[in-house]
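Protein chains in written order, with the numbering used here: chain A, 7 to 129; chain B, 18 to 123.
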């Protein structure tokens, strides 16, 4: 059974840090690029970050650049999103997703998604 | 690269043919994907590479376009198709989603 499960969300004060995890079972993350996408309450989708299949390419949205890092542990089929200096506008549901493509450094879309983990930044 | 979806809201009946447009601010070749999202659920991939139907997606969904103009067409709207649809460009960073099109029952 395919499962992708995010964890690590919660309520955090502005300026604090949070580490999100996303683990796969029944499928593999190896050889695939992985994305993080978020959705503020009642709003649309916002792409946040990408890590390439070999972890040599890491890209970020302008809204989080310099405050966020992404990493992966293929031995655990897990990807991480470390968020620092959190702001109220970082509030939302955070999804991880696997890219459907299998070419190096070429991205096509996200075919496997987790159920999301909620981050609330509030004092 | 910004994506502009239109319309942002669409009211239609079961059996209708529906087309959603996505316009890119710069040419993105065919690196465009379409997603369907229902309330409280993660998005689902429908189309990638502008026109490739993802595995398991019904054939009533189709995508077309390249460069800056793209469209998603549902040939005969079914009850389960009422949802919000997003386009996404994957040609250049930062990647971006369109603002979404909510399809509701007339």
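Glycine included, C-beta positions come from ideal geometry on N, C-alpha and C.
Residue range 51-57 is occupied by the beta strand (DSSP E) that includes residue 51(A). By the 16-neighbour rule on beta-carbons within 10 angstroms, residue 47(A) is exposed. The residues 106, in chain order, have a CB closer than 6 Å to that of residue 115(A) in the same chain once the five nearest residues on each side in sequence are set aside. Any Cβ of chain B closer than 9 Å to the Cβ of residue 125(A) would place that residue at the interface, and such an atom is absent.
Classified as exposed, residue 26(B) has fewer than 16 neighbouring CB atoms from the shown chains inside 10 Å of its CB.
Here the alpha carbon of residue 105(B) sits roughly 17 Å from the alpha carbon of residue 55(B). By a beta-carbon distance limit of 8 Å, residue 68(A) contacts residue 111(B). Their separation comes to about 6 Å.
A distance below 7 Å between beta-carbons, with the five flanking residues on each side excluded, links residue 24(B) to the following residues of its chain, in chain order: 118. In the displayed model, residue 117(A) falls within a strand according to three-state DSSP.
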